[in-house]
Structure formats: structure tokens, C-alpha cells
Amino acid sequence: MNKTLQTVLLTLTVAFGIALRMSIFGWLLIIGIATIFIFGISHLILHNIARTYLSEQRISNYILIILSHLFFVLIFLYQIDADDSRNYSVIGFVTNNEKSFYTDNGFSIVLFSAIAYIITSIIIIKNARTAKLFKFNASLFAITAISSFIVVFLFLNLVQTNRQVSESKELEQTGEFNSIERALNDPEKVIVLKLDPFENHINEIPKEIFKFPNLKEIELTDQNISSIPIEITKAKNLEELNLIGNNITEIPAQICECDKLQELRIGGDIKSFPECLKTMKSLNHLSVQSNSVNELMDELLTFKNIQTAHFYLKNGTINGKKLDSIYKVTGISHKY
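Using the working numbering, the letters of the sequence shown correspond one by one to residues 35 to 370.
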């Protein structure tokens, strides 16, 4: 195998192995770091000093290169880690498909791979010394080490993305979607639409989501939404709407046409409630995040069917005594 291809393969293999182990760090963090340090550096040195020898076009050399990289990756791929509740394997974690085989046999596979790796390394070194093609190239070592370190983060991103996609697909089987784009591709299956504000940020609610026939819950917290589209009337099965952490300035009267709505959570600068909201038979919980809640809380006295509520300021101090007295008079309980 020519030297350039060897270098590229070495860089990718080291980066991939390290990225696999870095994808999880539980109680066995120290063991993980130790194997990364010991085997990572050893692998870089091994293929550095034997690079010239392994460049000779022999089938045996191709086999040695493949076995060396394979055992190196297996040392990381089948490592076991743990947290407070369970043991899990690297391969099970990155594929999001944990199996008892991985956790039951992981240690044995890693031990076998480590022994096989050491034996393969000894053979490579012995052959290179015998052929007098045994030389350490410091500059090449530095280049491959730095390159591997950079590529590690690319692999980590790929591993994380793959896991997120796998988890999303699992959730979607239950009807929960965390991507508007994916939800629009399969509207019949959407029961819950919940966006992670750290991964998705929107400025308005797409009107199309209200056409999802089985949509029961919308959670779009900590976005930059300033209004609720009047098309919300089409969400006939909507039971929960959570828009806390947004910039909503008005609750449209059209929301009252969602006659199955049970829980409403709104964040912004709400100053009043539509009259129809106060008599909605289905609505039993109301959360409001606004700088006007000290005035708004008086309107709780006029709600007919609210059982639980939570009012809080974006900035400032809420009049807790007043709110408690209103809760006492109305029989409304506190709930986030």
C-alpha cells in the first residue's frame, strides 16, 4: 500500500476509534481516556516507523495493515461504560441499538482485540526491523496526530447526528416529531410536535401544522414567535399548546374554536384575555409569562373552568400574596 494511502487510512482509523470512545463517558471515564492515550499514540507510532516496510506491495502487508486497523477500532467499539442505572456499550450507544450481546461479551471482545492488536504490532515491527525498513519520522507523526485530532470532531458530529436521527425516528413511531420538516412529510402520524430550542429556532408558527389531523400537542418553547396564526382554528384535536418563552402579544379569539384545548401556556407581553377563553369548557390549565401578570391575575376570578394555573413575570417580582388569595377564592391550584 503506497505511503500516502497509508497515512490517510491511519488518520481516519485513529480518529474514528477515538471518536467512538469519546461519544460516551460514564463511570469508566478514566479507562476510556487511558485507552485513547495508550492505543492512539501506539497506533500512530507503529504505522509511522513501519510505513516504508508496509509500502512494499505484498499481500501479507495488506493483511497486516487491515488487521492492525481492525483490531484498533474493535478495542474502542466494544468497550463498556455505565451510569447510575445501567451498563451500555459504545457500539450500542452510537447505533442506538443496544443488545445484551454487546454488554455481556464486550469485555471479552476488547481483551481479544487488544491481544490480537499487540501480536499484529509485534509481527509488523519484527518484519520491518528484519527488512531494515524501520524508521521514525517525527514531522509525519506530528502531521498525522494533528490531523487525527481534527477529524475526531468531524466523526463525533457524524456519530451524534446519526444518534439524533435514530432517536427521532423512534419517537416518530409514537407520533412525536421534533422537526417541522419531517412532520410535514408525514402529517397523518403527527400527534405531538415538540421543538428543541437549542437545535431549532423559528420566528413564526408554520400555518401548515394546524392541518395535521391527529395533532394533540404543540410545544414551541423559547422561540422568537410573536403571534398565533388564526389558522389555529383548523387544529380541531389540539389539547395542549405551549408557547412559553416567546414574544406573543395577543391571544387571538380564534383559539377558542379549539374546543378540545385543555392546557394553554403563553409567553410574551400578554395584557388581556379574549372573553371566550374564560368560558371554554375544555380549558382546565392556564400558564402565562408576561410583565403584566400582576394585573392579569385578577382576570382569573372570571374564568369558569380553570382548575390549575401558573403566572410569572419575565422581569420583576410577582405579587405572590395577591395570586395566593385569588387561588384561594377560586379554588384554582398551582401547576407549572
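Even glycine gets a Cβ: it sits at the ideal position worked out from N, Cα and C.
Within the same chain, show all residues whose beta-carbon is closer than 6 Å to that of residue i, passing over the 5 residues directly before and after it, in chain order.
| i | result |
| --- | --- |
| Ala287 | Pro308, Cys310 |
| Tyr361 | none |
| Asn328 | Asn353 |
| Leu54 | Phe110, Leu111, Val124 |
Going by DSSP, what residue range makes up the beta strand (DSSP E) through residue i?
| i | result |
| --- | --- |
| Glu251 | 251-253 |
| Lys228 | 226-228 |
| Thr208 | First-last for Thr208: undefined, no H or E at that position. |
| Glu274 | 274-282 |
| Arg85 | Note, Arg85: premise wrong, no beta strand (DSSP E); alpha helix (DSSP H) at 85-88. |
| Leu330 | Element bounds for Leu330: not the beta strand (DSSP E) but the alpha helix (DSSP H), 327-330. |
| Ser321 | 319-323 |
| Phe246 | Neither: Phe246 is in no beta strand (DSSP E) and is coded neither H nor E. |
| Thr342 | 342-346 |
| Ile114 | 114-116 |
| Asn95 | No beta strand (DSSP E) contains Asn95, which is instead part of the alpha helix (DSSP H) from 93-111. |
By a C-beta neighbour count over all protein chains shown, 10 Å radius and 16 as the cutoff for buried, is residue i buried or exposed?
| i | result |
| --- | --- |
| Gln194 | exposed |
| Ser321 | buried |
| Asn82 | buried |
| Val363 | exposed |
| Ala165 | exposed |
| Glu206 | buried |
| Gln91 | exposed |
| His235 | exposed |
| Asn219 | exposed |
| Leu295 | buried |
| Ala68 | exposed |
| Ser306 | exposed |
| Ile163 | The sequence given here has Arg at residue 163, not Ile. Result: exposed. |
| Ile97 | exposed |
Alpha helix (DSSP H) containing residue i: first to last residue?
| i | result |
| --- | --- |
| Leu145 | 134-164 |
| Arg55 | 37-56 |
| Ala217 | 214-219 |
| Ile300 | Taken as a continuous stretch (DSSP letters only), Ile300 belongs to no alpha helix (DSSP H), being part of the beta strand (DSSP E) at 297-302. |
| Ser359 | 354-364 |
| Thr129 | 124-129 |
On the premise that residue j lies in contact with residue i, defined as a C-beta separation below 8 Å, what is that separation, rounded to the nearest angstrom?
| i | j | result |
| --- | --- | --- |
| Asp115 | Ile70 | Actually they are not in contact, since the Cβ atoms of Asp115 and Ile70 sit about 13 Å apart, beyond 8 Å. |
| Val224 | Leu249 | 6 Å |
| Asn212 | Ser202 | 6 Å |
| Leu275 | Arg299 | 7 Å |
| Met37 | Arg85 | It is Lys, not Met, that sits at residue 37 in the sequence shown. The Cβ separation is near 6 Å, so the contact holds. |
| Val226 | Glu251 | 4 Å |
| Thr178 | Thr283 | Contact doesn't hold; Cβ gap of about 57 Å is too wide. |
| Leu334 | Ile366 | 6 Å |
Starting from the C-beta of residue i, find all residues in its chain whose C-beta is less than 8 Å away, skip the five residues before and the five after it, and write them out in chain order.
| i | result |
| --- | --- |
| Ile264 | Pro286, Gln288 |
| Phe170 | Ile79, Asn82, Ile83 |
| His368 | Thr342, Ala343, His344, Tyr361 |
| Trp61 | Asp115, Ala116, Asp117 |
| Lys356 | Asn328, Met331 |
| Leu43 | Met35, Ile99, His103 |
Suppose the cutoff is 7 Å on Cβ atoms and the five residues either side in sequence are ignored; what does the same chain contact list for residue i look like?
| i | result |
| --- | --- |
| Val435 | Since the displayed the chain opens at 35 and closes at 370, residue 435 lies outside it and no answer follows. |
| Phe141 | Ile114 |
| Asn161 | Tyr87 |
| Cys290 | Pro308, Cys310, Leu311, Met314 |
| Ile180 | none |
* Should the region 103-112 be called in touch with the region 167-179, which here means at least 3 C-beta pairs below 8 Å? -> No contact exists between the region 103-112 and the region 167-179.
* Any chance the region 149-158 sits against the region 117-128, with 3 or more Cβ pairs inside 8 Å? -> These segments do not touch.
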